[in-house]
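Asker: Residue numbers (the numbering used here): 7 to 522. We treat Cβ as the ideally placed atom computed from N, Cα and C, and that holds for glycine. For clarity, every value in this text was computed on a predicted model and none was experimentally measured.
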Ligand code: FRU
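1) Output the boundary residues of the beta strand (DSSP E) element that contains residue 34.
2) For the ligand FRU, any of its heavy atoms closer than 7 Å to the Cβ of residue 244?
3) Any heavy atom of the ligand FRU inside 7 Å of the beta-carbon of residue 297?
4) Within this structure, are the beta carbons of residue 69 and residue 50 separated by less than 8 Å?
5) Kindly indicate which three-state DSSP category residue 406 falls into: helix, strand or coil?
6) Just to confirm, does residue 108 get its C-beta within under 7 Å of one of the non-hydrogen atoms of the ligand SAH?
7) On the criterion of 16 or more Cβ atoms from any shown chain inside 10 Å, does residue 400 qualify as buried, or is it exposed?
8) Among 516, 126 and 185, whose alpha-carbon lies nearest the alpha-carbon of residue 366?
9) In the stretch 67 to 96, which residue ranges form an unbroken alpha helix (DSSP H) of at least 4 residues, counting only runs that do not cross its ends?
10) With hydrogens ignored, establish whether the beta-carbon of residue 1 is closer than 7 Å to any heavy atom of the ligand FRU.
11) Which residue comes first and which comes last in the beta strand (DSSP E) that contains residue 448?
12) Residues in the same chain with beta-carbon distance under 6 Å from residue 199, minus the five sequence neighbours each way, listed in chain order, please.
13) Using only CA atoms, which one of 34, 47 and 492 lies nearest to residue 520?
14) DSSP puts residue 132 in a beta bridge; with which residues?
15) Could you tell me the distance, in whole angstroms, from the CA atom of residue 518 to the CA atom of residue 469?
16) Go ahead and label residue 120 buried or exposed: buried means 16 or more other beta carbons lie within 10 angstroms of its beta carbon, across all protein chains shown.
17) To the nearest angstrom, how far is the alpha carbon of residue 226 from that of residue 182?
18) Thinking C-beta only, is residue 134 closer than 8 Å to residue 84?
19) DSSP has residue 59 in a bridge; who is on the other side?
20) Going along the chain, which residues of its own chain have a beta-carbon closer than 7 Å to the beta-carbon of residue 435, five neighbours each way excluded?
21) Are the CB atoms of residue 271 and residue 350 within a distance shorter than 8 Å?
22) Taking only three categories from DSSP, how would you classify residue 363?
23) Helix, strand or coil for residue 477? Go by DSSP, reduced to three states.
24) What does the Cβ neighbour count give for residue 354, buried or exposed, with the cut at 16 atoms within 10 Å?
25) Would you mind reading off the limits of the alpha helix (DSSP H) that contains residue 139?
26) Using the DSSP secondary-structure output, state which residues sit across from residue 209 in a beta bridge.
27) Once the 5 residues before and after residue 28 are set aside, which same chain residues still bring their CB inside 8 Å of it?
28) Going by Cα to Cα distance, which pick from 289, 233, 221 and 232 is closest to residue 251?
29) Measuring alpha carbon to alpha carbon, tell me which residue in 371, 508, 214 and 161 is nearest residue 86.
30) Could you pull the DSSP bridge partners for residue 391 from this structure?
31) Given the structure, does residue 510 come close to the ligand FRU, in the sense that its CB is under 7 Å from one of the ligand's heavy atoms?
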C-alpha cells in the first residue's frame, strides 16, 4: 500500500469553504483570486508606473477595458495604503493620435525639473511607450516612441505633455518600456529602455530632453526572445555595499518556456551598467511571473525595494479560462541580495503587510513527524498561506518531499523537493483545465542555491495560483492552474526517509477588498 512508503501523510479536508465555492454561479468569476490584485473587468497585463506618493502605493497596469483579450492599451489605475487592500480608480491614460499607451514607469519630480508641478506640490510624471498601430500595419519600423504625462493631484487626473513624443524612434521595431529613476551619481534622470535585444540607457535633466548614455547586453544573458520591461535600481549586499540590479523581461525564452524575467547584478556609474559576471539568473523559476518591476519613491525611512509582477505568460495569457477579467498580479514582494552558491543573487519575500490577512484560525502542526499517519482538519485551503519547516537528514537522494493539493475530481497540483537534483518543482500536469493551450501542462523545476539542510517554505495559495518562496526567497516559483472543483485537500508527505517535517502551519487568509 502506497501509504506505507510515506513517513507522513496528512490529509487536511475542507468542507465549509468548499461548499461555498461549489455553489458559486459561474459568471466568469470562478477563478478570481481573493487576495491578489485583479482588474475590475476585462484585460490586464504588465504592472506600470508603480510609485509611492503621499501615503499611497500607486499601481497602474496595461489594460484593455473593452475586451478580455489584449487590445488597444490604456493605463488602468488603483491605489493602496498597505499593498494589500486596493481601491480601483478611473483609467489614467487613454490612447491618442500618437498610439496606444504601452508599459512604462512613474516618478515624483521633487525638484520640479520638468516644471510640471512645484517644489511644494511636485508632479507625478508618467513615462511610457506610445505604440502606433497604424505605423505597425504600414510596416514602418519607427512606430514605438516614448511619451510623458503628468498629474498634480495625486494621480487622479492626467495631462499629456504637449510636445510628445520626448524620445523618437531611430528605426527599431522594439523600442519600449521606459523605467526612469533619479540618479544621484550623475545628477540626472536615467531611463532604462528595452531595445530589441539589449538595454539602452538615456539621461535627462528634466524628463523632456533625453540623450543616449550607453548600451548593455546584446551578447549577455538569455536571448531566446525580445527584451522588454527593464528596471534598474540599487540594493545593498549583506556587507552594506551598494550594488545595482538590472531586470530584463524576455519573451519568449524563459526557463519554463514563454515569458520570464532575468536579472543582472553589477555596478552602475551613472551612465553605464557593468555586470558582476556572465551568469543568467531568473527572478522566479515558475512560468507565471512576467514584466515585474519595482516601486519608485519609497521613503528612505521604509527603505524596502518592493516588487510586483504580472501572474501570467504570453504563451496562454489570452486564452486562460477566466472570462469576466483576465490575469492577476503577484503578491507584492521585498527584494534583497544574498550570497549564495550562485554568487550574489536576488531574494524575494512576500511583504510583511500580507500577514494582516491572517484570520487567526491557523492550524499549527509542530512535531509533525511524530503525528499519526493520517490527520484531518477543516481549513479554508483555497486561500491560505502555508509555512513548512523541513530538515534534510540524509544524502540528497533520500530527501524527497511533496505537498499535494487535490479535489474530489482527482485533479491535483504537486509542489515538491526532488532531493537528488536539489530542485523544487511544481507539477500542474493533472491540475484541471488545460485544453486552452498545448504548453500549459508541465512539471517545472527550480534549483536550490542555498546549501542549508534546514529548508523553509512558504506557499501562498489563492484559488487558482500558488507562489512558492523557498530558502528565504532565494528560490521563487509562481504558477497558475484551473481545477474543475476547488482544491480542498492538502497532503504533505516526506516521500523518502531523509526528510523530517519539523513544523507546518496553515494560515487561512481573508479576502481583500477591491473597492470601486
Ligand atoms: C510586456 C509587453 C511590453 C509592452 C506591453 C504591451 O508584456 O509586451 O513590452 O509595452 O506588454 O501591452
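Answerer: Looking at the atomic coordinates:
1) No beta strand (DSSP E) holds residue 34; DSSP gives it neither H nor E.
2) no
3) yes
4) yes
5) coil
6) The model on display carries the ligand FRU but not the ligand SAH.
7) exposed
8) 516
9) none
10) Lying outside 7 to 522, the shown extent of the chain, residue 1 is not represented and no answer is given.
11) No beta strand (DSSP E) contains residue 448, which DSSP labels as neither H nor E.
12) 184 and 206
13) 47
14) 112 and 155
15) 13 Å
16) buried
17) 19 Å
18) no
19) 62
20) 447, 448 and 449
21) yes
22) helix
23) helix
24) buried
25) 139 to 143
26) 196 and 217
27) In this prediction, residue 28 has a pLDDT of 36, which is less than 50 and means its spatial position is unreliable; what the coordinates show is noted afterwards. Cβ within range, chain order: 491 and 492.
28) 289
29) 161
30) 466 and 513
31) no
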